[in-house]
Amino acid sequence: MYRFRTIENLLGERRELENQEIYFSDIESLNDPMEGFREVYWSGDVIAWKNLFKHYILCLEHMCALAYFDMKGTPFSSVNVPVYRSEDNLPTDRYRQIFNEICDKFFKNSDMNKYIEIIASLPWKVSRDELYSFLRSIHSMAYQSIMEVYLKYGYIKARENEPPDYLNHLEKFVEAMDSVNLADKENQESIRSVLDFQRKVFLEFDLFRACELYGSAISQRRWFILSGFTSAYLNRIESLIYPAAYVACFMEDCTNAAVWSHYGDSHKGVCLKFRTGNKNGAHTIGLKGITGWGSKPIYGFRELEFHKMDYTNQFPSTNFFTSIGRLTIGQLMKQWYSDEAGNISKCAAHIKDDDAEGEWRKQYWDNYDSCFFVKLKDWEYEKEWRLLLSSVLDTFEDANDRKRKYKFEDLEAIIFGMRTSVEDKVKIIKLIEKKCKENNRENFDFYQAYYSKQKGRMVIEEPGGRFSRSLFGTRGTVLPVAFWERPGEPLMQRFATFLGGGNI
């Protein structure tokens, strides 16, 4: 397996080569915006849908409270949206009372409840974009409910002008939907087209508003609450489904010039070649990490499996309402799967039956892995494989906790890029020479990438060619004789001269 690295990663602050470490990156840092993407959809009964709207209000109220009572002025982002929060962990009884009054005000309108019933009755799986339209359409009403309760308790001053009548749009939507036959396929397509158009209008309006309000941190907060919150909420809420995952990327080939440009620092970096093991037919590598717990963490080597990327335009799909795996059963049942009268949602079927729960868990984890090993066909030229690191406890948020040490014997070779400087080559060679002595290793392979005019493509120089296969091999069998015919010249100087005529 081949792993492309920049010189900065290998020799800079991380010192990956010296420490023999493989760094696992968070998904957001990778260059493909579709990384970790799964087709999340929403399909549930009225209980589940109403609890989603209630959760939306809970998170929105938190952001409003931060904006009004925390005057530090730090800009808001999706990270600030408290999707793990519940009514039970609000800090005081008074706070819970305020939240309940906000919900009562929001849900007291009959059209709002009818709106939720209509969404729950839709005969298709509601997509993320469609959910954005549904939530964005009632966002102003949710915000207004919060402001009215804040005004009642004296947290804000009364507005000089009356707020707009947001219920008019809701009433018209409910009336229109009541007259539509949802079983008709043409009607379904028409409704979905309207939702898509509505989404685009909202996004365009929100961008226009951002141009007006993005002058300071305070005004950015205002924009976030009034316009940006819905997208931020949807970005964040998916974290309730699965724990975060981290990946280390490898390739099965190292002769693609485009790959060197993207991942090898425009050919100025290097490529590490790793020796892999075999476990039940799968490629593996032993990496050192936490293997157990006693009074202290227990460290040891564990075989991690390489997963081959599947290049396709189809992504795994997941129903949000039946895939919330990050909350306790108690919180799930109370916050998501029951209503005020104690009725239980059909979405909780996998919790109430032991056999169903076992099947659910298997499918849950199968779906978890799959999305990290799927990319669009546009990336097929990479021929990528991955190692996956994850924890249900989210113990890898600190980047330093996502480093795993490999055995030096598994680092088979290093390939220099076409633009790797002689200075960097020498630093790497010296470091490898030191490690070979420490590990009683007699040889180590070095290769050079270059353009072959005869083959019309980039190639890696084979052993015994224009570049040395081994710095530490037997004299006369690996390096050209001319290399050894300067006995008065220091070894490293001879090697640098052989590489490019430079001096150390």
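Residue numbers for the sequence shown follow the numbering used here, beginning at 646 and rising by one.
Cβ atoms here follow ideal geometry from the backbone N, Cα and C, with glycine treated the same way.
Remember, it's a predicted structure, so these values are computed and weren't measured experimentally.
Taking the beta carbon of residue i as the centre, do at least 16 other beta carbons fall within 10 Å, making it buried, or is it exposed?
i	result
residue 827	exposed
residue 953	exposed
residue 852	exposed
residue 1010	exposed
residue 910	buried
residue 1090	buried
residue 1195	Residue 1195 is absent from the structure shown; the chain starts at 646 and stops at 1149.
residue 796	exposed
residue 1122	Residue confidence for residue 1122 is low, a pLDDT of 32 falling below 50, so the modelled location carries little weight and cannot support an answer.
residue 657	exposed
residue 661	buried
residue 981	buried
residue 907	exposed
residue 905	buried
residue 1020	buried
residue 875	buried
residue 719	exposed
residue 747	buried
If you draw a straight line from the alpha carbon of residue i to that of residue j, how long is it in whole angstroms?
i	j	result
residue 694	residue 1017	28 Å
residue 776	residue 1014	25 Å
residue 822	residue 757	13 Å
residue 917	residue 1026	19 Å
residue 727	residue 819	30 Å
residue 1012	residue 686	14 Å
residue 715	residue 801	14 Å
residue 1044	residue 934	14 Å
residue 860	residue 803	25 Å
residue 730	residue 993	20 Å
residue 1056	residue 1076	13 Å
residue 900	residue 928	21 Å
residue 881	residue 724	7 Å
residue 1080	residue 671	29 Å
residue 763	residue 964	18 Å
residue 812	residue 957	44 Å
residue 655	residue 1053	14 Å
residue 903	residue 966	41 Å
residue 857	residue 975	44 Å
residue 799	residue 761	31 Å
residue 950	residue 930	7 Å
residue 983	residue 989	5 Å
residue 1008	residue 998	15 Å
Run through DSSP, which three-state label would residue i get?
i	result
residue 924	strand
residue 950	strand
residue 739	helix
residue 1186	As shown, the chain starts at 646 and ends at 1149. That puts residue 1186 outside it, with no answer to give.
residue 944	strand
residue 680	coil
residue 975	helix
residue 929	strand
residue 675	coil
residue 962	strand
residue 668	strand
residue 648	strand
residue 957	coil
residue 969	coil
residue 659	coil
residue 701	helix
residue 801	coil
residue 845	helix
residue 795	helix
residue 686	strand
residue 913	coil
My parser needs the beta strand (DSSP E) runs of 3 or more residues fully inside the segment 853 to 904; what are they? Whole beta strand (DSSP E) segments, 3+ residues: 890 to 896.
Would you be able to state if there are at least three C-beta pairs under 8 Å between the segment 680 to 693 and the segment 838 to 850? The answer is no - the segment 680 to 693 does not touch the segment 838 to 850, with fewer than three Cβ pairs under 8 Å.
I want to know whether the segment 880 to 896 touches the segment 1030 to 1047 - three or more CB-CB distances under 8 Å. As far as the Cβ criterion goes, the segment 880 to 896 touches the segment 1030 to 1047, which means the pair count is three or higher.
Three-pair Cβ contact test at 8 Å for the segment 770 to 788 versus the segment 694 to 709: With three or more CB-CB distances shorter than 8 Å, the segment 770 to 788 counts as touching the segment 694 to 709.
Taking one C-beta from the segment 1042 to 1053 and one from the segment 663 to 671 each time, how about it: are there three or more such pairs within less than 8 Å? Cβ pair count under 8 Å is three or more, so yes.
Is there contact here, the segment 915 to 933 with the segment 672 to 692, by at least three beta-carbon pairs under 8 Å? No contact exists between the segment 915 to 933 and the segment 672 to 692.
Taking 8 Å as the cut-off, does the segment 860 to 878 touch the segment 706 to 716 (at least 3 CB pairs, one atom from each stretch)? Put simply, the segment 706 to 716 touches the segment 860 to 878. At least three CB pairs are less than 8 Å apart.
Entirely within the segment 704 to 786 and at least 3 residues each: give me those beta strand (DSSP E) ranges in chain order. Counting only runs of 3 or more, we get nothing.
Taking contact to mean 3 or more Cβ pairs, one atom from each stretch, closer than 8 Å, check whether the segment 783 to 802 and the segment 746 to 755 are in contact. Verdict: yes, contact present.
Should the segment 1089 to 1103 be called in touch with the segment 1051 to 1071, which here means at least 3 C-beta pairs below 8 Å? Here the segment 1089 to 1103 makes contact with the segment 1051 to 1071; the two share three or more CB pairs at distances below 8 Å.
Can you check the segment 978 to 1047 for any alpha helix (DSSP H) of at least 4 residues that lies completely inside it and give the ranges in chain order? Taken in chain order, the complete alpha helix (DSSP H) segments of 4 or more residues contained in the segment 978 to 1047 are 994 to 997 and 999 to 1015.
Do the segment 964 to 971 and the segment 884 to 892 make contact, defined as three or more Cβ pairs closer than 8 Å? With the cut-off at 8 Å, the segment 964 to 971 and the segment 884 to 892 touch.
Which runs of the beta strand (DSSP E), 3 residues or longer, sit entirely within the segment 1051 to 1108? DSSP runs (the beta strand (DSSP E)) wholly in the segment 1051 to 1108: 1056 to 1061, 1090 to 1097 and 1102 to 1105.
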